[in-house]
Amino acid sequence: MSFGQGGPYGPGGSQPPTPDWAALADDTARRGRRRKLLFIGGGVLATAAVAAIVATAVISSGGKGDSNKSDKSASQLPAPQDLPSESPTPEPTFSDVAPPAPPKPLDIISSAKRDKAPISTGTLFSGDKAVGNGHEYSKAATAATKNCATAAQGGLGSVLTNNGCRQLFRATFSKDGVAVTVGIAVFDTKAAAERAKNQSGPNVASLAGGGVPVFCRQADCQASANAIGRYAYFTIAGYTSGKDVTSSDTKAVGAGRDIADYAFRRILERGNQQASAAATATN
758 MSFGQGGPYG PGGSQPPTPD WAALADDTAR RGRRRKLLFI GGGVLATAAV AAIVATAVIS
818 SGGKGDSNKS DKSASQLPAP QDLPSESPTP EPTFSDVAPP APPKPLDIIS SAKRDKAPIS
878 TGTLFSGDKA VGNGHEYSKA ATAATKNCAT AAQGGLGSVL TNNGCRQLFR ATFSKDGVAV
938 TVGIAVFDTK AAAERAKNQS GPNVASLAGG GVPVFCRQAD CQASANAIGR YAYFTIAGYT
998 SGKDVTSSDT KAVGAGRDIA DYAFRRILER GNQQASAAAT ATN
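Here it is as structure tokens:
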């Protein structure tokens, strides 16, 4: 008697059917895969359910508390007009009105209303020398008077008086036996000074002193007259020896021109100084 896998059997007995082991294996594998899929699917659903619960909690929390906070924060934001500008630094502004032009020296010395600087023999004839046209002369004497006619000779006295001369400042300069007296007459206006220049004759009185003797009282001398602004200036030039100045003379005539040039520049300097002071004060 032999034994098989299904149990004892004989030639006349019924043999039970043999199981389909391959089918059983496949069925077992299918059930395993199904359980695995169900487990994975269940995990996904569980995860999704948790996420939904969390999302619901977040939405619910935002709807009750955070929305109020959001609305409150938005209401507290400054209005557009209250927001600061892009730049806290103010933009520079410029006036459309042009600054006044600086005063001109000649304008200042042409009118007593503007020509206010102190005036004296010290301001007009500063220092102990005079330089004109590159030539240097020593200062000998100075004088000033408000009675202009007393410092003039001939018809010049009445000319100064009639045109309103306020003061007459004189100074004498000398060099190599030649002496020159210059007189600067002060008027209120440029027009008055011009009239005095045009009407002048014959000359300012020479001024002795400081080592220079009396000159040009008896001898012929060289005289000149000119004006700038409200000032007329006159010169008388001659030899300290009493010698006459002739038409061909160059030494005395040249000295008179040099001192006239010096007087012109001294008067103009008054205007320059006052114009500079006015420009500085404006700035």
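Start counting the sequence shown at 758; every next residue gets the next number (our numbering).
Heads up, the beta-carbon is just placed ideally off N, CA and C, and yes, glycines get one too.
Who are Thr752's beta bridge partners in DSSP?
With the chain covering 758 to 1040 only, the question about residue 752 has no answer from this structure.
Thinking just about the alpha-carbon of each residue, which of Ala928, Ala936, Gly1028 and Gly940 is nearest to the one in Gly884?
Ala928
Can you say whether Gly889 is buried or exposed, counting buried as having 16 or more other CB atoms within 10 angstroms of its CB?
buried
Cβ pair Phe991, Gly940 closer than 7 angstroms
yes
Sort Tyr996, Gly891, Gly921 and Thr880 by Cα distance to Arg1023 and report the nearest one.
Thr880
Give me the Cα-Cα distance between Asp1001 and Lys1008, rounded to the nearest whole angstrom.
12 angstroms
List in chain order: all unbroken alpha helix (DSSP H) runs of 4+ residues lying wholly within the stretch 861 to 906.
862 to 865 and 878 to 881
When we look at the beta-carbon of Gly995 and count the other beta-carbons within 10 Å, is it buried (16 or more) or exposed?
buried
Can you give me the Cβ contacts of Ala900 inside the same chain, cut-off strictly under 6 angstroms, excluding the 5 residues immediately before and after it?
Arg927 and Leu964
In DSSP terms, what Gln730 is bridged to
Look at the range of the chain in this structure, 758 to 1040, and you will see that residue 730 is not part of it.
Under 7 angstroms between the Cβ atoms of Ala980 and Asn960?
yes
Under 7 angstroms Cβ to Cβ from Gly968, same chain only, skipping five residues before and after it: list those, please.
Ala897
Quick one: residues in its chain with C-beta nearer than 6 angstroms to the C-beta of Gly914, no 5 flanking neighbours on either side, listed in chain order?
Ala906
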